[in-house]
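See structure below.
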Amino acid sequence: MRKPRIFILLLASLCLVAATASAQCVDGTITSALEVGGTFDGLYKYTVTINWDTPQGLSHATLDCGFGNCASLACASNWYFDDPAGMGSGGSPNDCDFDFEGEFVCQGDPSIGFTDPVIKWDALETNGCEAENTGSAVLCFYTDVAPADGVLPIVLVKNGQSVCEGTILGDCPLPCPTPVEGTSWSKIRKLIH
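Reading the sequence shown from the start, the letters are residues -23 to -1, 1 to 170 in mature numbering (1 follows the signal peptide of the UniProt record, and there is no 0).
Written out as structure tokens, the structure reads:
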């Protein structure tokens, strides 16, 4: 299991001018369960629970599961979302609830500088309620990709100006084959004798 890491990156411009600071602004968990029955029968349901405290209101949340090592496999897999794909709390006005729309994006998230495939949820204005700078959300997606154990980053961004990166603990889908040490039957026979 990888150790958690939390960073805040302030992107000033694409002209190599950037300011960086560290803080703990987002954390969460990701769990998985095999669906039995219903629309997503036989798929894994992943539930991401996050809490954030950022300088500006939340625009969207992006989950990076490390698909860069096997982008073609990740993009060829099946990814599904409920409508809405999640619910947030702590919105404005009056600590209201708001929805999220989810999607799997093969091209990454250019607003935060990610070019690897990602899972992305956009915070939606719901009945006059908008995401604020502090809040929590439960976000879901479904896939045929089995979970891989580890600690994985989740990235939050507001209008493409401020980026906040944190880690979440749990099982993320990873279609990449796990590397194994090469061996042969002759090596195994030598170990037995």
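For glycine and all other residues, C-beta sits at the position ideal for the given N, C-alpha and C.
Under 8 Å by Cβ, that's how I've got residue i and residue j pegged, so tell me the actual separation to the nearest angstrom.
i, j, result
"Ala62", "Phe118", "7 Å"
"Ser113", "Gly67", "6 Å"
"Asp93", "Phe44", "5 Å"
"Thr144", "Phe91", "Actually they do not touch by this definition, with Cβ atoms about 15 Å apart."
Using a 10 Å radius around the Cβ and a threshold of 16 neighbouring Cβ atoms, would you call residue i buried or exposed?
i, result
"Thr8", "exposed"
"Pro32", "exposed"
"Glu102", "exposed"
"Thr6", "exposed"
"Asp148", "buried"
Note down, in chain order, each residue of its chain lying with its Cβ closer than 6 Å to the Cβ of residue i, except the 5 sequence neighbours on either side.
i, result
"Ser69", "Glu107 and Glu109"
"Lys22", "Ala10, Glu12 and Tyr119"
"Phe58", "Gly79 and Phe118"
"Phe81", "Trp56 and Ile96"
Helix, strand or coil: how does DSSP classify residue i here?
i, result
"Ala48", "helix"
"Ala53", "helix"
"Ser36", "coil"
"Ala114", "strand"
"Ala123", "coil"
"Gly14", "coil"
Can you find the residues in the same chain that come closer than 8 Å, C-beta to C-beta, to residue i, ignoring five residues on each side of it along the sequence?
i, result
"Met64", "Asp74, Phe75, Asp76, Phe77, Ala114 and Val115"
"Ala48", "Cys83, Asp93 and Pro94"
ask   = Which full runs of the beta strand (DSSP E) of 3+ residues lie inside the segment 55 to 93, going along the chain?
value = 63 to 68 and 73 to 82
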